DNA sequence: CCGATCGATGATAGCGTTATCATTCGACCC
DNA sequence: GGGTCGAATGATAACGCTATCATCGATCGG
């Protein structure tokens, strides 16, 4: 506890004698911002700037005494570190970019929430990029985002232009592709197999005895992929045609209702309707009710996602459970592991699960 | 068109003679990152760094000829500007922080989407902060966010701690509070009056002839505010008691169903149920159906928000329309106006509108 | 025909941090 | 008892960009 040097005594006087960045300090800089800098804190505390930096970032290297005193000065001055400067010097921005088509439906939003929260707890923040708007290509978005020098990138899907891949590769940072699976990710991938989902749903419904199928499917890469394997899996059973109403994106309850209307107008009533999302399924359920159709007696309905409300619709919606938050969490963990130089799994399959409720 | 100086000729040779940052260039820096910098581009193009900077940021100051050539070098080298460095030097981060409780329901998510998209088009990006997680106080979030030196901040709500207000004020940047209204914003506010919503809904339902009211209300500042004025507005009519089921946040269809169950267990069946969100209302509608209650004959249901599905539920949901995307848009516009030094309205009321459908 | 003006470009000096190496000083070991 | 080591702190020089002022011709009005 007893130390020769006594920082507190020293700076108290310094603190009193010199106000924060007045015009008195030698020559006035023509660019200074007026806000408190690390150097100001250092002067007031009577230590070198690097010590203040250590107090903030590597406190274990600093004496308890110095630590306490510098911290008190920081509190007193209301110093807010400048992470632009810190990031420039350390080449670590503590920023993670997340690129998703949309956050306006909980499909992706929950994963982003979990990602954001996990990363925040570790001192990172999330830069949001929306690729679903037609005005911004993923290409441009990547450029804008990389100029912030993020420490990692979260991507939705596995289909990216060659240029996008190259730029991400060139950035030499962890990249996590999500919501799908591939043996050849840019870097890492956290998702599940849409092909498998399609096949599993087909087998499930076939086993339940359904024979005439219809689909309400979003106009979306992954949804269409599930549709393809769903149909392929039924081929061996002699099913050659699965009438499909293509709903636009973003999916909505209305589009689900419209999808069923369209489907029923183009074909005899199927005995099972497979939807590419719970939202669409909810719409199908609603439209079925409006038409006096009983689900599942007249027609079964299958969703995808297992959103919050799936168990609470009438009838309760059978669906495919996806661990949406798990995707965000695994992605965050993979990034953090990489930051720490720990080994990571390149391909993480979060799987899925058929959830049978009342609608099938 | 004819110029004495011929940049193209000059640098072509330079480009060929000197590869990007090899070990040959004098003394090797001990910290260089290896990625292409603005200086590299400048050398290759045979111009000064500042000219390259101008090509990127103020192209109108540069000759077409120089512009074209420098751009070709940028493309050839795959140069990605470093906005950390740029932000540090220019004191403009081109970053906007958005703090919302959650993005997992479209209430806030759509506004954030619109904000993000509008700002992106103007060269700004959005840093996402989630205040809804109990592990992170808004206080801490503000600190983390301000250390990025954002050019503006988007906040949800108007209730913030004194310290939060002070720190935001001290940052001297545009701050837009949203989703509520106050005559004394930190800086600007874009929202609507919850008090007025409560009163308006009360008058509307009273005028429709409803007399026994119940509420399913989220445990949320603004929802509770609407509830208060709703009840106050009914007092003159002799209504002294409005049984309320308080639903937790985040709201969900399940919580709406549970809310109705709770409400019906605590009181005689009201003839109108007012819900603090469409999600809850949807749950109430669902539970009513499960109990064989006819809406609105046995019981009217009123929502809040006018989410996408409100017109498509059965019966179609009467609700209060809020221009959710408009809030994001106005906020973005206010920020951009401030960046350009244009005058802005401190208080923007986006209003609301009762939407009468079938459920009332 | 000359000073004023303007357009294009450049030199210099930061912006606020942290990486890296250096220094100091007491403890400790053989 | 002298050399070694390690803990704590500091000096210096980047990090990659832009603000600011300077420079250099060309243009132009009187």
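Residue numbers (this note's numbering), protein chains in the order written: chain A, 1 to 360; chain B, 1001 to 1360.
For each residue, glycine too, the CB sits at the ideal point set by N, CA and C.
This one's a predicted model, so the numbers in the text were calculated from it and none came from an experiment.
Chain A within 7 Å of residue i, Cβ atoms only
{"i": "residue 1080 (chain B)", "result": "yes"}
{"i": "residue 1087 (chain B)", "result": "yes"}
{"i": "residue 1103 (chain B)", "result": "yes"}
{"i": "residue 1072 (chain B)", "result": "no"}
{"i": "residue 1274 (chain B)", "result": "no"}
{"i": "residue 1253 (chain B)", "result": "yes"}
{"i": "residue 1066 (chain B)", "result": "no"}
{"i": "residue 984 (chain B)", "result": "Nothing about residue 984 (chain B) can be read from this structure; chain B reaches only from 1001 to 1360."}
{"i": "residue 1359 (chain B)", "result": "no"}
{"i": "residue 1330 (chain B)", "result": "no"}
{"i": "residue 1113 (chain B)", "result": "yes"}
{"i": "residue 1028 (chain B)", "result": "Its pLDDT being 43, under 50, residue 1028 (chain B) is placed unreliably by the model, and the measurement read from it follows with that caveat. Closer than 7 Å: no."}
N-terminal and C-terminal residue of the beta strand (DSSP E) that residue i is part of
{"i": "residue 349 (chain A)", "result": "347-349"}
{"i": "residue 188 (chain A)", "result": "188-191"}
{"i": "residue 201 (chain A)", "result": "Careful: residue 201 (chain A) lies outside any beta strand (DSSP E), inside the alpha helix (DSSP H) at 194-207."}
{"i": "residue 1162 (chain B)", "result": "It is not in any beta strand (DSSP E) - residue 1162 (chain B) instead sits in the alpha helix (DSSP H) that spans 1162-1171."}
{"i": "residue 239 (chain A)", "result": "Taken as a continuous stretch (DSSP letters only), residue 239 (chain A) belongs to no beta strand (DSSP E), as it is neither H nor E."}
Chain B within 7 Å of residue i, Cβ atoms only
{"i": "residue 69 (chain A)", "result": "no"}
{"i": "residue 309 (chain A)", "result": "yes"}
{"i": "residue 154 (chain A)", "result": "no"}
{"i": "residue 22 (chain A)", "result": "Because residue 22 (chain A) carries a pLDDT of 37, less than 50, the predicted location of this residue cannot be relied on, and the following value inherits that uncertainty. Not closer than 7 Å to any Cβ of chain B, the Cβ of residue 22 (chain A) fails to qualify, so no."}
{"i": "residue 163 (chain A)", "result": "no"}
{"i": "residue 125 (chain A)", "result": "yes"}
{"i": "residue 33 (chain A)", "result": "yes"}
{"i": "residue 128 (chain A)", "result": "yes"}
{"i": "residue 304 (chain A)", "result": "no"}
{"i": "residue 178 (chain A)", "result": "no"}
{"i": "residue 110 (chain A)", "result": "yes"}
Test item: CB-CB of residue i and residue j under 7 Å
{"i": "residue 1248 (chain B)", "j": "residue 1220 (chain B)", "result": "no"}
{"i": "residue 1318 (chain B)", "j": "residue 1356 (chain B)", "result": "yes"}
{"i": "residue 1182 (chain B)", "j": "residue 1158 (chain B)", "result": "yes"}
{"i": "residue 1279 (chain B)", "j": "residue 1301 (chain B)", "result": "no"}
{"i": "residue 1225 (chain B)", "j": "residue 1272 (chain B)", "result": "no"}
{"i": "residue 1190 (chain B)", "j": "residue 1103 (chain B)", "result": "no"}
{"i": "residue 1149 (chain B)", "j": "residue 1093 (chain B)", "result": "yes"}
{"i": "residue 1177 (chain B)", "j": "residue 1155 (chain B)", "result": "yes"}
{"i": "residue 1306 (chain B)", "j": "residue 1321 (chain B)", "result": "yes"}
{"i": "residue 1152 (chain B)", "j": "residue 1174 (chain B)", "result": "yes"}
{"i": "residue 1332 (chain B)", "j": "residue 1127 (chain B)", "result": "no"}
{"i": "residue 1124 (chain B)", "j": "residue 1080 (chain B)", "result": "no"}
With 16 other Cβ atoms within 10 Å as the buried cut-off, status of residue i
{"i": "residue 237 (chain A)", "result": "exposed"}
{"i": "residue 166 (chain A)", "result": "exposed"}
{"i": "residue 180 (chain A)", "result": "buried"}
{"i": "residue 1232 (chain B)", "result": "exposed"}
{"i": "residue 1048 (chain B)", "result": "exposed"}
{"i": "residue 340 (chain A)", "result": "exposed"}
{"i": "residue 1308 (chain B)", "result": "buried"}
{"i": "residue 1024 (chain B)", "result": "Low per-residue confidence applies at residue 1024 (chain B): pLDDT is 37, beneath 50, and the placement is therefore not dependable, though the value from the model is reported in the following sentence. Exposed, because fewer than 16 other Cβ atoms sit within 10 Å of the Cβ of residue 1024 (chain B)."}
{"i": "residue 202 (chain A)", "result": "buried"}
{"i": "residue 1101 (chain B)", "result": "buried"}
{"i": "residue 1241 (chain B)", "result": "exposed"}
{"i": "residue 252 (chain A)", "result": "buried"}
{"i": "residue 75 (chain A)", "result": "exposed"}
{"i": "residue 992 (chain B)", "result": "An answer regarding residue 992 (chain B) cannot be provided, because it is not within the stretch 1001 to 1360 covered by chain B."}
{"i": "residue 1184 (chain B)", "result": "exposed"}
{"i": "residue 82 (chain A)", "result": "buried"}
{"i": "residue 39 (chain A)", "result": "exposed"}
{"i": "residue 1060 (chain B)", "result": "exposed"}
Enclosing alpha helix (DSSP H) for residue i [first to last residue]
{"i": "residue 230 (chain A)", "result": "221-234"}
{"i": "residue 102 (chain A)", "result": "Segment: none, residue 102 (chain A) is in no alpha helix (DSSP H) and carries neither H nor E."}
{"i": "residue 145 (chain A)", "result": "138-146"}
{"i": "residue 155 (chain A)", "result": "Residue 155 (chain A) -> not in any alpha helix (DSSP H); beta strand (DSSP E) instead, spanning 152-156."}
{"i": "residue 1262 (chain B)", "result": "1253-1266"}
{"i": "residue 1122 (chain B)", "result": "First-last for residue 1122 (chain B): undefined, no H or E at that position."}
Minimum length 4: unbroken alpha helix (DSSP H) runs contained in the region 274-345 of chain A: Counting only runs of 4 or more, we get 278-290 and 324-339.
Entirely enclosed beta strand (DSSP E) segments - the region 1025-1096 of chain B, minimum 3 residues: Fully enclosed beta strand (DSSP E) runs of 3 or longer: not present.
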